[in-house]
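Asks: Going by this note's numbering, the sequence shown opens with residue 41, and the numbers climb by one from there. For each residue, glycine too, the CB sits at the ideal point set by N, CA and C. These numbers come from a predicted model, not from an experiment.
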Amino acid sequence: MASTTTVAASTTSTTSTTTTTSAPTTTTIPVECSNEPAETTETDTDENVDASTTTTTEAAETDGEETEAPTTTVLNLGTNDSISTVGLGEVTFGMTVAQAQVAAGTDLINCAPTSDCYRVTPAQGPEGISFLVTESTIERVDIVAGPLTTRSGIGIGSPEDEIMNLFGDQIETHVNDDSSVDLIFVPQDESDAEFRVIFTIRDGVVETFRSGRIPQVTVQNPCAG
Numbered sequence: 041m042a043s044t045t046t047v048a049a050s051t052t053s054t055t056s057t058t059t060t061t062s063a064p065t066t067t068t069i070p071v072e073c074s075n076e077p078a079e080t081t082e083t084d085t086d087e088n089v090d091a092s093t094t095t096t097t098e099a100a101e102t103d104g105e106e107t108e109a110p111t112t113t114v115l116n117l118g119t120n121d122s123i124s125t126v127g128l129g130e131v132t133f134g135m136t137v138a139q140a141q142v143a144a145g146t147d148l149i150n151c152a153p154t155s156d157c158y159r160v161t162p163a164q165g166p167e168g169i170s171f172l173v174t175e176s177t178i179e180r181v182d183i184v185a186g187p188l189t190t191r192s193g194i195g196i197g198s199p200e201d202e203i204m205n206l207f208g209d210q211i212e213t214h215v216n217d218d219s220s221v222d223l224i225f226v227p228q229d230e231s232d233a234e235f236r237v238i239f240t241i242r243d244g245v246v247e248t249f250r251s252g253r254i255p256q257v258t259v260q261n262p263c264a265g
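(1) Kindly indicate which three-state DSSP category residue 207 falls into: helix, strand or coil?
(2) For residue 165, which option in 258, 218, 121 has the closest C-alpha, if you only look at C-alpha atoms?
(3) State whether the segment 215 to 231 contacts the segment 143 to 158, with contact taken as three or more CB pairs (one from each stretch) at a distance under 8 Å.
(4) Would the beta-carbon of residue 182 fall within 8 Å of that of residue 242?
(5) Tell me the DSSP bridge mates of residue 122?
(6) Determine the direct distance from the alpha carbon of residue 175 to that of residue 140, and round the result to whole angstroms.
(7) Please classify residue 145 as buried or exposed, where buried requires at least 16 other C-beta atoms within 10 Å of its C-beta.
(8) Could you give the distance in angstroms between the alpha-carbon of residue 246 and the alpha-carbon of residue 155?
(9) Does DSSP classify residue 258 as helix, strand or coil?
(10) Quick one: what does DSSP say residue 167 is sitting in, helix, strand or coil?
(11) With which residues is residue 150 paired in a DSSP beta bridge?
(12) In chain order, what residues of the same chain have a beta carbon less than 8 Å from the beta carbon of residue 262, not counting five sequence neighbours either side?
(13) Go through its chain and collect everything with a Cβ distance to residue 206's Cβ below 8 Å, but skip five positions before and after it.
(14) Terminal residues of the continuous alpha helix (DSSP H) containing residue 272?
(15) Between the Cα of residue 219 and those of 244, 177, 117, spot the shortest distance and give me the residue it belongs to.
(16) Might you give, ordered along the chain, the residues of its own chain that have their beta carbon closer than 6 Å to the beta carbon of residue 232, omitting 5 neighbours on each side?
(17) Grab me the residues of residue 162's own chain with a C-beta within less than 7 Å of its C-beta, minus the 5 sequence neighbours each way, in chain order.
(18) For residue 153, which residues of its own chain have a beta-carbon under 6 Å away from its beta-carbon, when the five flanking residues on both sides are left out?
(19) For residue 247, which residues does DSSP report across the bridge?
(20) Would you list the one or two residues that DSSP bridges to residue 173?
(21) Rounded to the nearest angstrom, what separates residue 136 and residue 114 at their Cα positions?
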């Protein structure tokens, strides 16, 4: 369930109003996002607004009038979702950030100042997720920790041999500069020809994995440089 902000009115002799904000529930920020942790910034105004809040309710001092109940947003992004060639759960590649937030049912927090290429991470949901945004649309998802897996059940810690046994000749290999190995799943369906799922292997098991559109998915750090 997405976090909410409750704005409460206090009754005082001077009829002043104070505002409280609830701290957002956040996932563990992925490695790529660790330099820009999500924080709530307070101002000197009468109302402090949490950037990752999805709903707000105002309470008024009225004679016998009930306050409006807060509107809630259902969190769609959960541990039952899986990585596919075209996205994560209801979030699919090609969506804008606004569309992805609706699909996920939670805010997507910028990991760095917005540019032509940047990452966002869900304010709520499983840990270890970051989405890559290029030219205003989501084109890749990285999983660096947590319980999420592909539809075939491959996730962090899965053995390299299991991937090879599952996908056989649909796997291409690439050795990275840090001696890790990328196992690249190449879909057979023509409709998925521009997408890949890539498992980074270290010491015989999956260290991280990602899915996305070519060319963004094939580069380890597409926003670098």
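Replies: In terms of the structure at hand:
(1) helix
(2) 121
(3) no
(4) no
(5) 189
(6) 15 Å
(7) buried
(8) 30 Å
(9) helix
(10) coil
(11) 160
(12) 157, 172, 174, 180, 255, 256
(13) 192, 194
(14) A question about residue 272 goes unanswered here, because the residues of the chain that appear run from 41 up to 265.
(15) 244
(16) 125
(17) 67, 117, 144, 146, 148, 169
(18) none
(19) Partner(s): none; residue 247 has no beta bridge.
(20) 158, 178
(21) 19 Å
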